[in-house]
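Participant: Going left to right, the sequence shown walks through residues 102 to 471 as this note's numbering numbers them.
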Amino acid sequence: MKVTTSGFLETGNIMVIPVFEGCNKAPNNATTNLNRSASIALKSAFASDSFTGKLGESLSIWTKECQIILLGVGEKNDLTTKKSRDTGAKCFASLSKNHGTKIVIRYTTGWNVKNMAAFAEGMILRDYSFDKYQKKEDDKKGPWSLMCQTIERHQDALNSAVNRAYEIATGVHLARDLGNEPANKLYPEEFGKRALEWSKDKQNVEVEVWNYARLKEEGMYGLIEVGKGSIHKPCMVFFRLNPSANKDSEVPCIVGKGITFDSGGISIKGSAGMDEMKLDMHGSATVFGLFQALHATGYEGRINGITCMAENMPSAEAYRPGDVINTYSGKTIEVLNTDAEGRNVLADGLWKASELKPSYIIDLATLTGS
102 MKVTTSGFLE
112 TGNIMVIPVF
122 EGCNKAPNNA
132 TTNLNRSASI
142 ALKSAFASDS
152 FTGKLGESLS
162 IWTKECQIIL
172 LGVGEKNDLT
182 TKKSRDTGAK
192 CFASLSKNHG
202 TKIVIRYTTG
212 WNVKNMAAFA
222 EGMILRDYSF
232 DKYQKKEDDK
242 KGPWSLMCQT
252 IERHQDALNS
262 AVNRAYEIAT
272 GVHLARDLGN
282 EPANKLYPEE
292 FGKRALEWSK
302 DKQNVEVEVW
312 NYARLKEEGM
322 YGLIEVGKGS
332 IHKPCMVFFR
342 LNPSANKDSE
352 VPCIVGKGIT
362 FDSGGISIKG
372 SAGMDEMKLD
382 MHGSATVFGL
392 FQALHATGYE
402 GRINGITCMA
412 ENMPSAEAYR
422 PGDVINTYSG
432 KTIEVLNTDA
442 EGRNVLADGL
452 WKASELKPSY
462 IIDLATLTGS
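1. Do the CB positions of Ala270 and Leu226 come within less than 8 Å of each other?
2. Work out the CA separation of Met102 and Glu268 for me, nearest whole Å.
3. Since Ile115 is in the beta strand (DSSP E), which residue starts that stretch and which ends it?
4. Identify every run of the beta strand (DSSP E) within the stretch 186-251, keeping only runs that are complete inside it and at least 3 residues long; order them along the chain.
5. Starting from the Cα of Arg403, find the closest Cα among Ser416, Ile162, Glu307 and give me that residue.
6. What residue ranges within the stretch 388-453 form continuous beta strand (DSSP E) runs of no fewer than 3 residues, ordered along the chain?
7. Residues in the same chain with beta-carbon distance under 7 Å from Ala142, minus the five sequence neighbours each way, listed in chain order, please.
8. For Gly330 and Phe231, what's the separation of their Cα atoms in angstroms?
9. Output the residue ranges of the alpha helix (DSSP H) runs that lie fully inside the stretch 278-325 and measure 4 residues or longer, sorted by chain position.
10. Which residues does DSSP pair with Met337 in a beta bridge?
11. For Asn129, count neighbouring C-beta atoms within 10 Å of its own C-beta (all shown protein chains included) and say buried if the count is 16 or more, exposed if not.
12. Specify whether the stretch 398-416 and the stretch 349-359 touch according to this definition: at least 3 beta carbon pairs, one from each stretch, less than 8 Å apart.
13. For the alpha helix (DSSP H) containing Ile141, list its first residue and its last residue.
14. Can you tell me where the beta strand (DSSP E) holding Leu171 begins and where it ends?
15. Verify whether the separation of the beta carbon atoms of Asp464 and Leu447 is less than 8 Å.
16. With three or more C-beta pairs closer than 8 Å as the rule, is the stretch 407-423 touching the stretch 363-376?
17. Put Leu110 into one of helix, strand or coil per three-state DSSP.
18. Gly160 lies in the beta strand (DSSP E); which residues open and close that run?
19. Between the Cα of Leu172 and those of Ser159, Lys358, Trp299, Lys184, spot the shortest distance and give me the residue it belongs to.
20. Go through its chain and collect everything with a Cβ distance to Ala258's Cβ below 7 Å, but skip five positions before and after it.
21. Hey, out of Leu457, His396, Ile360, Arg277, whose CA is closest to Glu326's CA?
22. Between the stretch 342-349 and the stretch 451-460, do at least 3 Cβ pairs fall closer than 8 Å?
23. For the candidate residues Asn281, Phe389, Gln256, whose alpha-carbon lies nearest to that of Gly300?
24. Figure out for me which residue from Trp311, Arg207, Leu324 has the closest Cα to the Cα of Thr132.
25. Using C-beta distances below 7 Å, list every residue in its chain close to Pro415, excluding the 5 sequence neighbours before and after it, in chain order.
26. Keeping to the same chain, check which residues put their C-beta closer than 8 Å to that of Ser107; ignore five residues upstream and five downstream.
27. Taking 6 Å as the limit between beta carbons, can you name the residues of its chain near Tyr461, skipping five residues before and five after?
28. Is the CB-CB distance between Lys358 and Gly293 below 8 Å?
29. Please state whether DSSP places Lys379 in a helix, a strand or coil.
30. Just to confirm, is the Cβ distance from Gly223 to Gln393 under 8 Å?
31. To the nearest whole angstrom, what separates the beta carbons of Gly189 and Glu122, a pair I think is in contact under 8 Å?
32. What does DSSP give as the partner residue(s) for Val356 in the beta ladder?
33. My assumption, with CB atoms under 8 Å, is that Ser185 sits in contact with Asn216. Please give the rounded CB distance.
34. Suppose contacts are defined by Cβ-Cβ distances below 8 Å. Is Pro119 in contact with Phe220 by that definition?
35. Which term fits Asn114, buried or exposed, when burial requires 16 or more other beta carbons within 10 angstroms of its beta carbon?
36. Tell me whether the beta-carbon of Gly470 lies closer than 8 Å to the beta-carbon of Ala386.
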């Protein structure tokens with residue numbers, strides 16, 4: 102989605118006017134540059150009782166020029182960034198490309214920059230689908246574009262805020278893509294390969310992958326034991342942003358669980374819902390997406406990330422209930438259930454993170470259940 106900001110110049114194919122509750126006449130600039138018939142239709146809608154501006158209420162006005170959507174956002178004093186974001190997302194989900202692909206959001210009286218940007222962010226985040234492996238029909242209309250319109254004194258600040266929202270959304274969409282990939286397409290080594298490819302030609306970014314042999318050399322058997330039952334061997338991926346920045350600054354470390362498919366291993370899960378176990382790597386997907394978002398927004402601080410990648414499968418080589426694992430820290434773990442694999446891989450990842458002397462550690466992990 103291409104995103105721009107401007108004054109009240111164009112109407113686009115679809116014009117969305119978010120309106121506060123109790124507004125009984127067209128707000129300032131709502132009708133700017135509309136033709137006479139569209140302007141009259143819009144004013145009539147405000148003057149009637151058919152639209153009150155309550156949260157979630159909407160009214161479509163069809164004109165020769167464009168489709169106009171009045172969208173209720175509730176009481177002005179009750180509007181928060183979360184409500185703005187949610188409302189923007191729901192609005193986008195209701196739109197159809199049959200009416201064109203250029204969306205104009207016309208922010209009128211009473212909107213501040215923070216809420217305007219959040220509303221647009223909701224639309225940007227909702228503009229997502231994972232259809233990579235589906236047969237695609239020709240879409241002659243092309244991708245959506247979004248124009249945010251406001252008064253002149255807000256335009257620079259809104260432009261900056263909306264661009265930042267767009268950059269953050271690239272990380273969110275990357276994490277979603279990784280989570281939605283099937284396990285036969287995205288496995289531990291492939292995750293590492295994609296991370297290395299992503300880091301190419303990016304300044305201030307480093308990615309390092311410890312393969313199966315390196316994990317053995319380091320003694321990371323918490324990760325190794327979980328992944329050794331699969332033909333796709335485990336690995337550990339290190340992300341570093343601004344590694345040469347101020348060495349005295351606080352440096353957090355974000356650690357992600359990355360089970361690209363969790364069958365449960367020998368303690369196998371039930372078949373219902375097992376297709377969704379490809380999502381057990383979303384901790385690592387979030388780490389990857391976070392680094393994309395931080396890099397895109399120009400974050401200047403140092404930050405480290407670690408993802409613990411494995412596929413938990415049953416086989417003759419898989420680890421078993423009753424096994425004892427020697428982890429990277431030197432502590433041992435007795436395995437009672439091979440479907441409790443997350444703590445094993447994170448034991449190695451978190452201990453490695455502690456060796457980096459972080460200011461704090463955040464671990465991100467899914468809990469899929471049996």
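No residue lacks a Cβ here, since even glycine has one placed at the ideal position from N, Cα and C.
Facilitator: The short version:
1. Your numbering for residue 270 matches position 169 in the sequence shown. Your numbering for residue 226 matches position 125 in the sequence shown. For Ala270 and Leu226, yes; Cβs fall inside 8 Å.
2. By 1-based counting over the sequence shown, the position of residue 268 is 167. By 1-based counting over the sequence shown, the position of residue 102 is 1. Separation of Glu268 and Met102 (C-alpha to C-alpha, rounded to the nearest whole angstrom) is 11 Å.
3. Numbered from 1 along the sequence shown, position 14 holds the residue referred to as residue 115. Counting along the chain, Ile115 sits inside the beta strand (DSSP E) bounded by residues 115-120.
4. Within the stretch 186-251, the complete beta strand (DSSP E) runs of at least 3 residues are 203-207, 246-250.
5. Here residue 403 corresponds to residue number 302 of the sequence shown, with the count starting at 1. When only C-alpha atoms are compared, the closest one is Glu307.
6. Runs of the beta strand (DSSP E) inside the stretch 388-453: 404-413, 425-427, 433-435.
7. Taking the sequence shown and counting its residues from 1, one reaches residue 142 at position 41. These residues qualify, in order along the chain: Ile162, Thr164.
8. The residue labelled residue 330 in the question sits at position 229 within the sequence shown. The residue labelled residue 231 in the question sits at position 130 within the sequence shown. Answer to the nearest angstrom: the Cα atoms are 29 Å apart.
9. Restricted to the stretch 278-325, the alpha helix (DSSP H) segments that are unbroken, complete and at least 4 residues in length are 289-300, 313-319, listed in chain order.
10. As a first step, residue 337 is located in the sequence shown; it is residue number 236 there, counting from the start. Answer is Trp311, Cys409, bridged to Met337.
11. Here residue 129 refers to the residue found at position 28 of the sequence shown. So Asn129 counts as exposed.
12. In short, these stretches touch, since the Cβ pair count reaches three.
13. As a working note, residue 141 is residue 40 in the sequence shown. That run of the alpha helix (DSSP H) goes 137-148.
14. The residue you call residue 171 lines up with position 70 of the sequence shown. Per DSSP, the continuous beta strand (DSSP E) segment holding Leu171 begins and ends at 168-173.
15. Residue numbering aside, residue 464 sits at position 363 when the sequence shown is read from its first letter. Residue numbering aside, residue 447 sits at position 346 when the sequence shown is read from its first letter. Yes, the Cβ-Cβ distance between Asp464 and Leu447 is below 8 Å.
16. Segments in contact, yes.
17. Position 9 of the sequence shown, counted from the first residue, corresponds to residue 110. Coil at Leu110, not helix or strand.
18. Position 59 of the sequence shown, counted from the first residue, corresponds to residue 160. A small correction: the amino acid at residue 160 is Leu; Gly does not occupy that position in the sequence shown. Where Leu160 is concerned, the enclosing beta strand (DSSP E) stretches over 159-163.
19. Translated into positions along the sequence shown, residue 172 becomes position 71. Ranking Ser159, Lys358, Trp299, Lys184 by Cα distance to Leu172 puts Ser159 first.
20. As a first step, residue 258 is located in the sequence shown; it is residue number 157 there, counting from the start. Cβ neighbours of Ala258 within its own chain (closer than 7 Å, five residues either side excluded): Val214.
21. Looking up residue 326 in the sequence shown gives position 225. Of the candidates Leu457, His396, Ile360, Arg277, Ile360 places its Cα closest to the Cα of Glu326.
22. Pairwise C-beta distances place the stretch 342-349 out of contact with the stretch 451-460, as fewer than three of them are shorter than 8 Å.
23. To locate residue 300, count along the sequence shown from 1; it is residue 199. Before going further, note that residue 300 is Ser rather than Gly in the sequence given. Looking at the Cα atoms, Phe389 is the closest of the given residues.
24. Here the question's residue 132 lines up with position 31 in the sequence shown. Comparing Cα-Cα distances from Thr132 to each of Trp311, Arg207, Leu324, the minimum goes to Arg207.
25. Reading the sequence shown from its first residue, position 314 is the one you call residue 415. Cβ neighbours of Pro415 within its own chain (closer than 7 Å, five residues either side excluded): Gly330, Ser364, Gly366, Ile367, Ile369.
26. Counting from one through the sequence shown, the residue named residue 107 turns up at place 6. Cβ neighbours of Ser107 beyond the five flanking positions: Met248, Cys249, Gln250, Gln256.
27. Here residue 461 refers to the residue found at position 360 when the sequence shown is read from its first residue. Cβ neighbours of Tyr461 beyond the five flanking positions: Pro353.
28. Taking the sequence shown and counting its residues from 1, the one referred to as residue 358 is at position 257. Taking the sequence shown and counting its residues from 1, the one referred to as residue 293 is at position 192. Contact: no.
29. Taking the first residue of the sequence shown as 1, we reach residue 379 at position 278. In the three-state scheme derived from DSSP, where H, G and I count as helix and E and B as strand, Lys379 is classed as helix.
30. Numbered from 1 along the sequence shown, position 122 holds the residue referred to as residue 223. Numbered from 1 along the sequence shown, position 292 holds the residue referred to as residue 393. Cβ distance not < 8 Å, so Gly223 and Gln393 don't count as in contact.
31. Counted from its first residue, the sequence shown places residue 189 at position 88. Counted from its first residue, the sequence shown places residue 122 at position 21. About 17 Å; that fails the 8 Å criterion.
32. The residue given as residue 356 occupies position 255 in the sequence shown. Residue pairing for Val356: DSSP places it in a beta bridge opposite Ile407, Asp464.
33. Here residue 185 refers to the residue found at position 84 when the sequence shown is read from its first residue. Here residue 216 refers to the residue found at position 115 when the sequence shown is read from its first residue. Contact annotation, Ser185 with Asn216: C-beta distance approximately 4 Å; criterion of less than 8 Å satisfied.
34. Here residue 119 refers to the residue found at position 18 of the sequence shown. Here residue 220 refers to the residue found at position 119 of the sequence shown. Between Pro119 and Phe220, the C-beta gap is smaller than 8 Å, which places the two residues in contact.
35. For this step, residue 114 is matched to residue 13 along the sequence shown. With 16 or more other Cβ atoms within 10 Å, it is buried.
36. For the purposes of this step, residue 470 is identified with residue 369 of the sequence shown, where counting begins at 1. For the purposes of this step, residue 386 is identified with residue 285 of the sequence shown, where counting begins at 1. Result no, Cβ atoms of Gly470 and Ala386 do not sit closer than 8 Å.
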